[in-house]
Each structure stands twice: as C-alpha cells, then as structure tokens.
Amino acid sequence: MKSKILKISIVGRTNAGKSTLINKIVGEKISIQNKKINTTQETIIGVKNIKNIQLLFYDTPGSNFIKNSSNQVKILKKNLWHGIDESDLILYLIDSHTINMSFLYDQLGKIKEVKKKIFIIFNKIDLISKKKLLPIISEINNKYKIESFFTLSAKKNIGIEELLTELIQYAYSSKWIYSEDEITNKDDKFILSELLRETILTYLHKEIPYNINIVTSHYKILKHSEVKIKQKIYINEKRYKKIILGKNGTMIKKIRENCQKKIKKIFRKKIHLYLELISQ
Ligand SMILES: Nc1nc2c(ncn2[C@@H]2O[C@H](COP(=O)(O)OP(=O)(O)OP(=O)(O)O)[C@@H](O)[C@H]2O)c(=O)[nH]1
Ligand SMILES: [Mg+2]
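Under my numbering, read the sequence shown as residues 1076 to 1355, first letter to last.
Following this line, the structure appears as structure tokens:
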C-alpha cells in the first residue's frame, strides 16, 4: 500500500483541551495539560499511524494572547503560527462549556486568512447537551467556510474515532516523516522537563512556572530498570526561590514527590528524582 501523510494543527483558546486531545490520540502523555492558562508553550508534534497513513498533530499554544505584546507572548504567538503554517488542515478546538462568540469570530477571521481547511471541534461535550450547539453551528456555517464540524470529549474519549476516520480521508501520498515507533518530535528529556513544569503549575501561582527554566540534566537507566533523573530549576528572580522551596522545604518536597509519581506512571519504571534550584 502507498504511504500517505496529513499534517494537522490543533488550534484554539487556552484551556480548550488541545493537549488533552493530542495525548488521547497518540495514546501517551506527550504534552502536558493543566487548568491554568497557556500551559503549552512550544509546538509539540504527536504522531498517529493508521495502516498506511501517518497523521501528524501539531499541539500549539493557546491562541488568546493576540493583544498582549510581552516577549513571552511573542514566542507563544510565533510557535502558534509556525504550527498553523506547517499544517495542511486546522482543527479549531472550542470548549463547548464556555463559548464566547465574538472571540470565536475574531479568531476564525484571522485563521481563515491562511486559506487552509478548517474543522471546528466542540470539545468537552461531556459538560453540555449537544442540542445547545445546533444554533451556534448554523450561525458559524452562515459566516465562514468550514469543512466539517465535530463534537467530542477529549477527556472522556468520546467522538475521537469518528474524527480520525474523517481525517484520514484527507491524507495524501507521501513518504512518512516519522518512523513507525516514533510518537513525537520531542525526546524523553523534554517530556520530563515539561512534567516538572506541569507539577509546578499545579502547586504554585501561574507567574512562577513562566519565570523559570527547567533542564533535565541527567537521565540514566540503572540496573533492575530503575531510572535516575536529575532536573535543574533555574530561577530568574530570587524571591521565587523562597516560594518554590516553601516553609522548611515542604513545597519542593511536595513537587518532587508528585512529579516522581507522574513520571513513574508514564515511564512504567521505578524513578529516583533529584531536583536542584539555581538562582541566576
Ligand atoms: N470536562 C472535560 N474537561 C476537559 C476535556 N478536555 C480537556 N479538559 C480539561 O481542560 C483543561 C485544559 O486542558 P489542556 O489540554 O491543558 O488545554 P489546552 O488547550 O492544551 O491549553 P493551553 O496549553 O493552555 O493552550 C484540563 O484541566 C483538562 O483536564 C473534556 O473533554 N471534558
Ligand atoms: Mg496545551
């Protein structure tokens, strides 16, 4: 059978569930997810092979920072547009639970300029009745040229198979970009650093995870398939060090234990995690 590919960007407001969807499709946690905003910062590619077809999903940073012009936002924006540019087709993901029509139209107006096929995906369908979406779908349909509409729940794994069945219809003849056993463009060290960022995001105020840099400096498989991991947390402001350490080191202890548990679940090995805080 001839090999085929399709590159798909997953775009949408922060918290719409883009990373949750990509993880469900790939079947492994390759992109961190969190209820705080702007969790995803880099474009992460997830690969799903179905028979002779390779689907490449680009997880992009949330798209609702358009009016802010800080440096960090500029990087997020660049990464978002890079994901869109690279793809053949755009999945625009909406949190069905919190739809803001004027924001949505503003976004669709910007995205349609790239002249790519757009699927609109109503996610979190577990939280709302589908019926409520019908008038919204017809309103969007009257205004924009949308290729297809889907409703699904990334978290509860509802409707994902149907979406994949539709997507493979758009694949075109080409050599595969990733080998059969590769599921992402990111290596284990990147994913480990992201898991620590996700843990810190869960425990601390959002400005902290955005003001630190995490490097996984050591990753070694020991005997009995145990893994030793060392991670360095670089902090650009001294006051954050105190917060991350917590009273008598209780916060960093909690972060380390929780992150170790998460890594164990994903890598299915016994993990020895060491964290080091470094002020720059
Ligand atoms: N109830 C429900 N919650 C969901 C669903 N999909 C995602 N979530 C939750 O929504 C929150 C945000 O999910 P993410 O996957 O991090 O969202 P994102 O779009 O990647 O967000 P950014 O990276 O910040 O742009 C998490 O708490 C998820 O558990 C769903 O289908 N149903
Ligand atoms: Mg994300």
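Note that the Cβ used here is the ideal one computed from N, Cα and C, for glycine as well.
Rounded to whole angstroms, residue 1244 and residue 1333 show a C-alpha spacing of 41 angstroms. Spatial neighbours of residue 1331 in its own chain (CB-CB distance under 7 angstroms, excluding positions within 5 residues in sequence) are listed in chain order as 1348 and 1350. At the C-beta level, residue 1133 and residue 1103 stay beyond 8 angstroms of one another. Taking every protein chain shown into account, the CB of residue 1135 has 16 or more other CB atoms within 10 angstroms, so this residue is buried.
In the DSSP assignment, residue 1121 falls within the unbroken beta strand (DSSP E) covering 1119-1125.
Counting the other Cβ atoms within 10 Å of the Cβ of residue 1086 gives 16 or more, which makes it buried. The beta-carbon separation of residue 1249 and residue 1080, rounded to 5 angstroms, stays under the 8 angstroms limit for a contact. Inclusion of residue 1294 and residue 1267 in the CB contact set at 8 angstroms is warranted, their separation being smaller than that value. Residue 1354 holds the alpha-carbon nearest to the alpha-carbon of residue 1311 among 1354, 1300, 1344 and 1188. Cβ atoms of residue 1237 and residue 1225 come within 8 angstroms of each other, at about 7 angstroms. With a beta-carbon spacing of about 7 angstroms, residue 1287 and residue 1315 fall inside the 8 angstroms limit used to define contacts. Assignment of residue 1134 by DSSP, reduced to helix, strand and coil, places it in the strand class. For residue 1234, the closest C-alpha among the options 1265, 1197, 1220 and 1207 is that of 1197. Residue 1166 has its alpha-carbon roughly 19 angstroms from the corresponding atom of residue 1209. Short of 7 angstroms from the beta carbon of residue 1346, and not among the five residues preceding or following it, lie these beta carbons of its own chain, in chain order: 1302, 1304, 1335, 1338 and 1339.
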